[in-house]
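Chemist:
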Amino acid sequence: MEVILPDTYMAMTSPTAQHLNVLSTVYVVEHQPQATLPQNDDWIALVRAPDGGLTVIREARPADSDERWIGFYSGATAHGLDVPGMLAAMVQPLAQAAISVFVASTFHADLVLVPEHSKHQAVTVLREAGHQVSGE
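In numbering that gives the first Met the number 0, the protein residues as written are 0 to 135.
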């Protein structure tokens, strides 16, 4: 006899379920095609593409007109680089809910940004996937 379990059951029992903290800071993501380093140190993450240019995640300023992003940080569930599926466990349910993401990873944890207007939907989706979400 084959037993088929709903996806929500699998997510809730998954070893990749994490404790995520919603960061209080609102961010912007900027592409600086000619930059090699940012002009100041107000950034939280930098990514340099192999073909040039720099992507900068920094705290939003009141005058910023760029899209604003909210961060979900998995630092409370720190993991090594050899643990598979940790980032996928966060972004897969968000993708299935059609929520855009931008990701920056550290050695032990991941920062997943979602558009500010999607914050409440993202919290719901991540909880339904079995994650604990705090700091909202």
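Glycine included, C-beta positions come from ideal geometry on N, C-alpha and C.
#1: Distance check for D65 and A34, CA to CA, integer angstroms please.
#2: Which partner residues of I56 appear in the DSSP bridge assignment?
#3: Can you have a look at D50 and say buried or exposed, based on whether 16 or more other CB atoms are within 10 angstroms of its CB?
#4: In the DSSP output, which residue or residues are listed as bridge partners for P114?
#5: Taking Cβ to Cβ, would you say A44 is nearer than 9 Å to L110?
#6: In whole angstroms, what separates the C-alpha of L22 from that of G84?
#7: If Q31 and L53 are in contact, beta carbons under 8 Å, what's the gap, nearest whole angstrom?
#8: Is the separation between the beta-carbon of L89 and that of L36 shorter than 9 Å?
#9: Which residues does DSSP pair with N39 in a beta bridge?
#10: Going by the CB atoms, is the gap between A48 and A77 shorter than 9 Å?
#11: Need the endpoints of the beta strand (DSSP E) that Q17 sits in, please.
Modeler: According to the structure shown:
#1: Position 35 of the sequence shown, counted from the first residue, corresponds to residue 34. Position 66 of the sequence shown, counted from the first residue, corresponds to residue 65. So the two alpha carbons sit approximately 18 Å from each other.
#2: Position 57 of the sequence shown, counted from the first residue, corresponds to residue 56. Per DSSP, the beta-bridge partners of I56 are V28, A44.
#3: As a first step, residue 50 is located in the sequence shown; it is residue number 51 there, counting from the start. Classification for D50: exposed.
#4: Taking the sequence shown and counting its residues from 1, the one referred to as residue 114 is at position 115. Note: P114 sits in a beta bridge opposite W68.
#5: For the purposes of this step, residue 44 is taken as the residue at position 45 of the sequence shown. For the purposes of this step, residue 110 is taken as the residue at position 111 of the sequence shown. In this structure, L110 lies closer than 9 Å to A44 by Cβ.
#6: On the sequence shown, position 23 is the one that residue 22 refers to. On the sequence shown, position 85 is the one that residue 84 refers to. Cα-Cα distance, rounded: 22 Å.
#7: For the purposes of this step, residue 31 is taken as the residue at position 32 of the sequence shown. For the purposes of this step, residue 53 is taken as the residue at position 54 of the sequence shown. With 8 Å as the limit, Q31 and L53 qualify as a contact, their Cβ atoms being about 5 Å apart.
#8: Residue 89 sits at position 90 when you count from the first residue of the sequence shown. Residue 36 sits at position 37 when you count from the first residue of the sequence shown. For the sequence presented, residue 89 should be read as Met rather than Leu. Contact: no.
#9: Position 40 of the sequence shown, counted from the first residue, corresponds to residue 39. Note: N39 sits in no beta bridge, so no partner.
#10: The residue labelled residue 77 in the question sits at position 78 within the sequence shown. The residue labelled residue 48 in the question sits at position 49 within the sequence shown. No, Cβ-Cβ distance for A77 and A48 is not below 9 Å.
#11: Residue mapping note: residue 17 aligns to position 18 of the sequence shown, counting from 1. Careful: Q17 lies outside any beta strand (DSSP E) and carries neither H nor E.
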